[in-house]
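Beneath this line is the structure, given in structure tokens, with notes to follow.
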Amino acid sequence: MEKITFEAYIRPNGHNEFREFLSSLPDKDARKVLYTLDAISEVGILDAAKMKWVKRLNDDLFEVRSKLGTNIQRVIYFHVVAGRYVITHGFTKKSQKTPITQIQHGEKIRQEFLQELREGK
């Protein structure tokens with residue numbers, strides 16, 4: 001099985017939205033999110049999907065699902081190449097369906113990342 005790595009994207013303005021999200025969470029919730037990412041890295045995306053830890057949102061974006069008690073956290077990410085995955089941001093889920101604004105935000109960050117990649121930054 002190929003080793004999976006998740007990395008948080010740092011935007012051109014210096015913001016790391018994933019780190020900012022983690023910092024905003026209670027410690028237990030932040031640890032659960034990080035534990036889930038580590039577990040996915042260990043078991044792989046396919047097994048993680050079977051365990052409902054990850055879900056495809058559209059052709060390009062996926063979400064990591066983390067729940068601790070009644071607190072539901074989501075982390076949006078996309079695949080780059082081989083086992084490399086980039087996290088765009090995270091949010092606390094308040095409804096059954098992933099809000100379209102969160103998907104659009106993830107897509108915007110993905111496009112930003114790809115543009116930087118093309119420009120060799």
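If you're matching positions, the sequence shown starts at 1 in the numbering used here and goes up one per residue.
Glycine residues also receive a C-beta, built at the ideal position from the N, C-alpha and C atoms.
These figures come from a predicted structure and were not determined experimentally.
- For Leu-57, no beta strand (DSSP E) run applies, since DSSP gives it neither H nor E.
- In the DSSP assignment, Leu-68 forms a beta bridge with Asn-71.
- Nearest neighbour of Gln-111 by Cα position, chosen from Lys-52, Leu-68, Pro-12, turns out to be Pro-12.
- Thr-5: member of the beta strand (DSSP E) spanning 5-8, first to last residue.
- When secondary structure is reduced to three states using DSSP, Thr-36 falls in the helix class.
- For Gly-44, there is no enclosing alpha helix (DSSP H), as DSSP marks it with neither H nor E.
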